[in-house]
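Chemist: So the sequence lines, in the order shown, correspond to chains A and B. According to this note's numbering, the first sequence holds residues 168 to 513 in order. According to this note's numbering, the second sequence holds residues 168 to 513 in order. No residue lacks a Cβ here, since even glycine has one placed at the ideal position from N, Cα and C.
2 protein chains.
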Amino acid sequence: MTDFETVMPPDRDVAAAARARHDNLTKPPGSLGRLEDLSVWVSSCQGVCPPRPFQRARVVVFAGDHGVTAAGVSAYPAEVTAQMVANFDAGGAAINVLAEVAGATVRVVDVAVDASEPLSPSIGAHKVRRGSGNIAVEDALTDDEVAAALDAGRRIADEEVDSGADILIAGDMGIGNTTPATTLIAALTDSEPVAVIGRGTGVDDAGWARKTAAIRDALFRSRAVAGDPVALLRVCGGADLAAMAGFCAQSAVRRTPLLLDGVVVTAAALVAEELAPGARQWWQAGHRSTEPAHTVALRSLDLEPIVEMRMRLGEGTGAAVALPIVRAAVAALASMATFGEAGITA
Amino acid sequence: MTDFETVMPPDRDVAAAARARHDNLTKPPGSLGRLEDLSVWVSSCQGVCPPRPFQRARVVVFAGDHGVTAAGVSAYPAEVTAQMVANFDAGGAAINVLAEVAGATVRVVDVAVDASEPLSPSIGAHKVRRGSGNIAVEDALTDDEVAAALDAGRRIADEEVDSGADILIAGDMGIGNTTPATTLIAALTDSEPVAVIGRGTGVDDAGWARKTAAIRDALFRSRAVAGDPVALLRVCGGADLAAMAGFCAQSAVRRTPLLLDGVVVTAAALVAEELAPGARQWWQAGHRSTEPAHTVALRSLDLEPIVEMRMRLGEGTGAAVALPIVRAAVAALASMATFGEAGITA
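See the structure below:
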């Protein structure tokens, strides 16, 4: 099943009511800048003005390995993916700490980690395969695996929304995953590889050259399926990317706001917008990472990052840093006094 | 008393230890970008690594009127300053709401509101005068008033630090206050008026022209005291600006980190750096506002804003939006697992 239900837009009447309310709060109209836009967006997503504070912010980290690490595209060995899944589970990773200070909880999902057993049955409940194929030389997935991974992401979004999540963050973990992410972005935006390929976790010059060669080879293989997002996931994506795409698309179908993270999640979001047109109206870009492909993908989605902190970690960390700003925006619209309430003559 | 004690720099050895700790946490070195820099800064200000979470974040809003409003430089009547002080006291203003979501408390100080009585004895405990002079045609203050206002800011910083504040935010409230702030920045950075004059709370074209004329006149008057920051406060500043300058300088003397807000606070900070050289090492720029003079002042102080949200309200709101990011930075450095703790092979 690679079809998604039609995405409905956030409520325009509520957005207008939220803008009107802002103009009556005790400040010059528009003086809270982007905070006003964010609060109007949340209000229109919730369909209510004033907006409600988020009660259950949820980060889902999608973990998967990539056969293309055999081409020497990363500064880290592939074993680190499974070790980091254990670190998420133990609460020691950056996303655990940053989610906690932002009032969010973290779920990690093993979509395609290259380990014989998932860390736990719940973490592995949606597992598609051990690692995705080496996209430099072969397809990442079979057609059935693409469908299974998209469906895993869709079901995870449903589980989270059904459990009361009122804002979602998608995160990634997987050594080598900026290679398929960059390939997908280049393919979907028709970009020159050298204009979009970054250092990932910090690969050296020789590694960058290997990464560029792998992406060129994967892009060459992808030409036969240009314009077909599902086929692109098969040829040059990966199970984790497909699951994130399903998650981003389904969160929009379920009318739940979502903060995108860095280049990997945003590559999946580009695919999701193809699969479920209009989904991007339910998303904000949490941050802008240092990866060049991220900026290209954000421009294609017409999304402006909330923060820009030169981060390049993934895991959902950039979105987690942005979450308190969205909370602040909601609070301002919901809780400030109006001119009338404050007895101000302006 | 316009002299400040010598400012000591934040602890360099602790900064080095914090950088070393970051490189051993479970992430690629440097991958948290600016968050790493912010956490190292807090650690070095506190003189301890790992840094402690902030226990008492405090916003102080300095309120004052400005005689130059008679020249028609603002979109709002001067009475709004006193009305907004009452709104701060009642908890209905933007800074009240944004401080609360950021875990900070707010204190409002009537330095020079043009009202016959302060709203309360505590709010008026440091009052210098009713309104500052119209800088287009006369000095803002007398020499004694400059000294009293600087000392008020110094005493307020001492009160807050003595009460346990471990991070401070300076905010401003005063109809017309971007006019003296812009004048001070132009005078201290030798900038052309038209390159730095903004719309303040949203003045129209005719008001902008009046504001420009007022600033040109004030700058002409300031030429006789070029290079003397205390005299500049007298000629083209204001009591609220002088108090903020004293506050920013003394917070550095007291080794307490401080987040600057918008153009008004940053104008005062430019003066403070002249009065207490090195004070800027104890400050971060919370945000970049839409006022052109703000960017000029930040460049002069060599400070990079944490967020950029097109805000232009003042009150400390831009800094309050940045505070959760600083908290997140501290938490990452303090609480993430090291590679050794997580058993990761990288």
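What number of angstroms, rounded off, separates the C-alpha of Thr457 of chain B from the C-alpha of Val488 of chain B?
Modeler: Straight-line Cα distance between these residues: approximately 15 Å.
Chemist: Expressed to the nearest angstrom, what Euclidean distance is found between the alpha-carbon atoms of Gly338 of chain A and Asp277 of chain A?
Modeler: The alpha-carbon atoms of Gly338 of chain A and Asp277 of chain A are separated by roughly 12 Å.
Chemist: Is there a C-beta anywhere in chain B that falls below 8 Å from the one on Asn191 of chain A?
Modeler: Taking Cβ atoms only, chain B never reaches closer than 8 Å to Asn191 of chain A, which makes this a no.
Chemist: Have a look at Ala336 of chain A and Arg383 of chain B and give me their C-alpha separation to the nearest angstrom.
Modeler: Here residue 336 of chain A is Ile; the residue named in the question, Ala, does not match the sequence. So the two alpha carbons sit approximately 50 Å from each other.
Chemist: Answer with yes or no whether the minimum CB distance from Ser198 of chain B to chain A is below 8 Å.
Modeler: So yes, Ser198 of chain B belongs to the interface.
Chemist: Rounded to whole angstroms, what's the CA-CA distance from Ala182 of chain A to Val370 of chain A? Just pull it up for me.
Modeler: Ala182 of chain A and Val370 of chain A: Cα-Cα distance of roughly 44 Å.
Chemist: Between the alpha carbons of Ala498 of chain B and Phe221 of chain B, how many angstroms are there, rounded?
Modeler: Cα to Cα, the separation comes out at about 10 Å.
Chemist: Quick one: Cα of Ala406 of chain B to Cα of Val463 of chain B, how far?
Modeler: Cα-Cα distance, rounded: 22 Å.
Chemist: Does Lys194 of chain A come within less than 8 Å of chain B when only Cβ atoms are used?
Modeler: Output row for Lys194 of chain A: interface = yes.
Chemist: Which residues of chain A have a Cβ atom closer than 7 Å to the Cβ of Arg494 of chain B, listed in chain order?
Modeler: Near Arg494 of chain B (Cβ distances below 7 Å), the residues of chain A are Val268.
Chemist: I'd like the ranges of any alpha helix (DSSP H) spanning at least 4 consecutive residues and lying wholly in the segment 253-285 of chain B.
Modeler: Entirely contained in the segment 253-285 of chain B, the alpha helix (DSSP H) runs reaching 4 residues are, in chain order, 261-268.
Chemist: Taking just the CA atoms, how far does Leu400 of chain A sit from Ala307 of chain A?
Modeler: Going from the Cα of Ala307 of chain A to the Cα of Leu400 of chain A covers about 7 Å.
Chemist: Which residue marks the beginning of the alpha helix (DSSP H) containing Val226 of chain B, and which one marks its end?
Modeler: Segment Ala224 to Gly231 is the beta strand (DSSP E) holding Val226 of chain B; no alpha helix (DSSP H) there.
Chemist: Where are the beta strand (DSSP E) runs, 3 residues long or more, that stay fully inside the segment 327-390 of chain B, in chain order?
Modeler: Entirely contained in the segment 327-390 of chain B, the beta strand (DSSP E) runs reaching 3 residues are, in chain order, 334-340.
Chemist: Measuring CA to CA, which of A:Gly298, A:Ala332, A:Leu442 and A:Thr272 is closest to Glu312 of chain A?
Modeler: Of the listed residues, the one whose Cα sits closest to Glu312 of chain A is A:Gly298.
Chemist: For Ala332 of chain A, collect the residues of the same chain with a Cβ closer than 8 Å to its Cβ; drop the 5 residues on either side in sequence, then sort them by chain order.
Modeler: So the list reads Arg223, Ala224, Arg225 and Thr423, once near-sequence residues are dropped.
Chemist: What whole-angstrom Cβ distance do Arg450 of chain B and Leu480 of chain B have, given they're in contact under 8 Å?
Modeler: In the sequence under discussion, the amino acid at residue 450 of chain B is Trp, which differs from the Arg named in the question. Not really, about 20 Å apart at Cβ, beyond 8 Å.
Chemist: Using CA coordinates, which residue listed in B:Val431, B:Val207, B:Glu482 and B:Gly343 is at the minimum distance from Ser241 of chain B?
Modeler: Among B:Val431, B:Val207, B:Glu482 and B:Gly343, the Cα nearest to that of Ser241 of chain B belongs to B:Gly343.
Chemist: Check whether the Cβ atoms of Thr350 of chain B and Ser389 of chain B lie closer than 8 Å to each other.
Modeler: Yes, these two residues count as a Cβ contact at 8 Å.
Chemist: For the pair the segment 189-203 of chain B and the segment 230-239 of chain B, tell me if three or more CB-CB distances fall below 8 Å.
Modeler: They do not touch, by the three-pair rule.
Chemist: Check whether the Cβ of Thr368 of chain B lies closer than 8 Å to any Cβ atom in chain A.
Modeler: At least one chain A Cβ lies under 8 Å of Thr368 of chain B.
Chemist: Nearest-angstrom Cα distance between Gly200 of chain B and Leu465 of chain B?
Modeler: Rounded to whole angstroms, Gly200 of chain B to Leu465 of chain B spans 20 Å at the Cα level.
Chemist: For Trp449 of chain A, write down the residues that DSSP places opposite it in a beta bridge.
Modeler: According to DSSP, which records beta bridges pairwise, Trp449 of chain A is partnered with nothing at all.
Chemist: From Asp180 of chain B to Ser211 of chain B, what does the alpha carbon distance come to, in whole angstroms?
Modeler: So the alpha carbons of these two residues sit roughly 8 Å apart.
Chemist: Please classify Pro288 of chain B as buried or exposed, where buried requires at least 16 neighbouring CB atoms within 10 angstroms.
Modeler: So Pro288 of chain B counts as exposed.
Chemist: Could you give the first and the last residue of the continuous alpha helix (DSSP H) run that contains Leu199 of chain B?
Modeler: That residue, Leu199 of chain B, is in no alpha helix (DSSP H); it is neither H nor E in DSSP.
Chemist: Quick one: using the 10 Å Cβ neighbour count with 16 as the cut-off for buried, is Val474 of chain A buried or exposed?
Modeler: With 16 or more Cβ atoms within 10 Å of its Cβ, Val474 of chain A is classed as buried.
Chemist: Quick one: list the residues of chain B neighbouring Ile511 of chain A, beta-carbon separation under 8 Å, in chain order.
Modeler: The contacting residues are Val247, Gln250, Met251 and Asn254.
Chemist: Arg223 of chain A touches chain B at which residues, Cβ-Cβ below 7 Å?
Modeler: Here the premise fails: no neighbours, minimum Cβ distance about 17 Å.
Chemist: Which residues does DSSP pair with His454 of chain B in a beta bridge?
Modeler: Beta-bridge pairing links His454 of chain B to B:Val474.
Chemist: Comparing the C-beta of Gly259 of chain A with each C-beta of chain B, is any distance below 8 Å?
Modeler: With 8 Å as the cut-off, Gly259 of chain A counts as an interface residue toward chain B.
Chemist: Does the pairing of the segment 269-276 of chain A with the segment 355-372 of chain A give three or more beta-carbon distances under 8 Å?
Modeler: No, because fewer than three Cβ pairs between the segment 269-276 of chain A and the segment 355-372 of chain A fall closer than 8 Å, the two stretches do not touch.
Chemist: Is the CB of Ser210 of chain B under 8 Å away from at least one CB in chain A?
Modeler: False, the Cβ-Cβ gap to chain A never drops below 8 Å.
Chemist: Against Leu265 of chain A, what residues of chain B qualify as contacts under a CB-to-CB distance less than 8 Å, listed in chain order?
Modeler: Near Leu265 of chain A (Cβ distances below 8 Å), the residues of chain B are Ala495, Ala498 and Ala499.
Chemist: Which word fits Gly484 of chain B, buried or exposed, when buried means at least 16 other C-beta atoms lie within 10 angstroms of its C-beta?
Modeler: It should be noted that the sequence gives Thr, not Gly, for residue 484 of chain B. Thr484 of chain B is buried by the Cβ-count criterion.
Chemist: Which residues of chain B have a Cβ atom closer than 8 Å to the Cβ of Ala354 of chain A, listed in chain order?
Modeler: Those do not exist, as Ala354 of chain A stays about 26 Å from chain B at its closest Cβ, beyond 8 Å.
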